[in-house]
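Position 89 (the sequence shown) corresponds to 89 in full-length UniProt numbering; numbering is contiguous. The beta-carbon is built from N, C-alpha and C at its ideal position, and this holds for glycine as well.
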Amino acid sequence: MDDDCTERGRLKEYLAYVEQIQEQSFSVQEYDSAERFLMLFEQQFDIVFMDIKFSDGMDGMSAARRMRAIDANVILIFVTNLAQMAIHGYEVDALDFMVKPLEKYAFQLKMRRALGRIQPRERQLIQVRCNGGDIYLDTRNIRYLEVDGHYVIYHTREGDFTEYISLTGARKKLDDPAFFRCDRGLMINMRMLSRIEGDSCVVDGKQLTVAHSQKSELKRAFAEFLSGRRKKEGA
């Protein structure tokens with residue numbers, strides 16, 4: 001999380017380097033503001049890299065406190081040019097502190113330490129019959145579901161998976177209030193919903209249609225979803 005696109009690009013470059021040398025695969029999400037990060041944050045990240053100072057809005061330390069109210073286990077690493085703030089990292093249980101500009105070898109060492117601390121998380125899995133076999137998808141990583149004839153395509157962060165099932169059947173299988181049917185053949189994961197405008201919405205960067213009859217209901221459902229998150233943050 002950083003409002004400097006150059007720094008975000010450097011971080012992604014170094015993560016790709018660590019993926020290669022350690023033979024691991026990372027799913028990376030980037031945010032340019034603390035508010036946007038908190039709006040979409042769910043207990044699904046293993047490591048969060050966070051700047052402290054932002055040009056507008058909430059600062060990183062405040063965002064880290066709110067994040068901790070939702071997830072006490074996610075690994076937090078501050079990446080900033082405010083070295084004097086390192087002493088406050090203990091307040092939000094930060095694992096480490098990196099000073100900009102990042103240096104590749106130092107980043108590699110700190111990532112190795114962070115990866116060693118990751119705790120397995122309890123996943124919300126559903127069984128999907130795909131290509132003659134069974135696979136298990138984590139519902140938190142499903143972006144949206146789309147009808148294709150007599151099939152449903154599960155669009156996930158790991159790829160697309162197709163199952164012979166109705167959308168109603170898939171919805172029952174999910175049994176997750178974060179999913180909303182916004183059109184006859186489309187159901188979205190509101191964890192990844194970032195914008196609603198006109199007859200469309202944006203889910204994890206993808207623009208999707210919203211039925212005219214569902215626009216008001218989607219706004220209401222999303223408001224309730226965000227309200228539930230805020231209650232969790234304040235608990």
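**Prompt:** Excluding the five sequence neighbours on either side, which residues of its own chain have a C-beta within less than 6 Å of the C-beta of ILE47, listed in chain order?
**Reply:** ILE75 and ALA114
**Prompt:** Taking Cβ to Cβ, would you say ILE142 is nearer than 8 Å to ASN81?
**Reply:** no
**Item:** PHE170 versus SER200: straight-line alpha-carbon distance, rounded
**Value:** The sequence given here has Ala at residue 170, not Phe. Using only the alpha carbons, I get a separation of about 22 Å.
**Request:** Could you check the C-alpha separation between ILE21 and THR168 for me, to the nearest Å?
**Result:** One alpha carbon belongs to ILE21, the other to THR168, and they sit about 44 Å apart.
**Request:** Thinking GLU163 and ARG129 are a contact (beta carbons under 8 Å), I'd like their distance in whole angstroms, please.
**Result:** 5 Å
**Message:** Check whether the region 172-182 and the region 208-215 are in contact - that is, three or more C-beta pairs closer than 8 Å.
**Reply:** yes
**Message:** Could you compute how far the alpha carbon of LYS100 sits from the alpha carbon of PHE45?
**Reply:** So the two alpha carbons sit approximately 23 Å from each other.
**Message:** Per DSSP, what are the beta-bridge partners of GLN207 in this structure?
**Reply:** In the DSSP secondary-structure assignment, GLN207 is bridged to VAL202.
**Message:** Excluding the 5 residues flanking ASP51 on each side, which residues of the same chain have their C-beta closer than 8 Å to its C-beta?
**Reply:** Around ASP51: MET1, ASP2, ASP3, ASP4, GLU7, GLY60, PHE78, VAL79 and THR80.
**Prompt:** What residues match up with ASN73 in a beta bridge as DSSP calls it?
**Reply:** Beta-bridge pairing links ASN73 to no other residue.
**Proximal residues to THR156 (C-beta, below 7 Å), its chain only, five neighbours per side dropped** = If we look at THR156 and ignore the five residues flanking it on each side, its Cβ neighbours are LEU137, ASN141, ILE142 and ARG143.
**For GLY205 and MET39, the rounded distance between their alpha carbons** = 15 Å
**Request:** Take the Cβ of LEU125 as the centre, count every other Cβ of all protein chains shown within 10 Å, and call the residue buried at 16 or more, exposed below.
**Result:** exposed
**Request:** Leaving aside the five residues before and after VAL28 along the sequence, list all residues of the same chain whose C-beta is less than 7 Å from its C-beta, in chain order.
**Result:** LYS12 and LEU15
**Beta carbon of ARG68 nearer than 8 Å to that of ASP93** = yes
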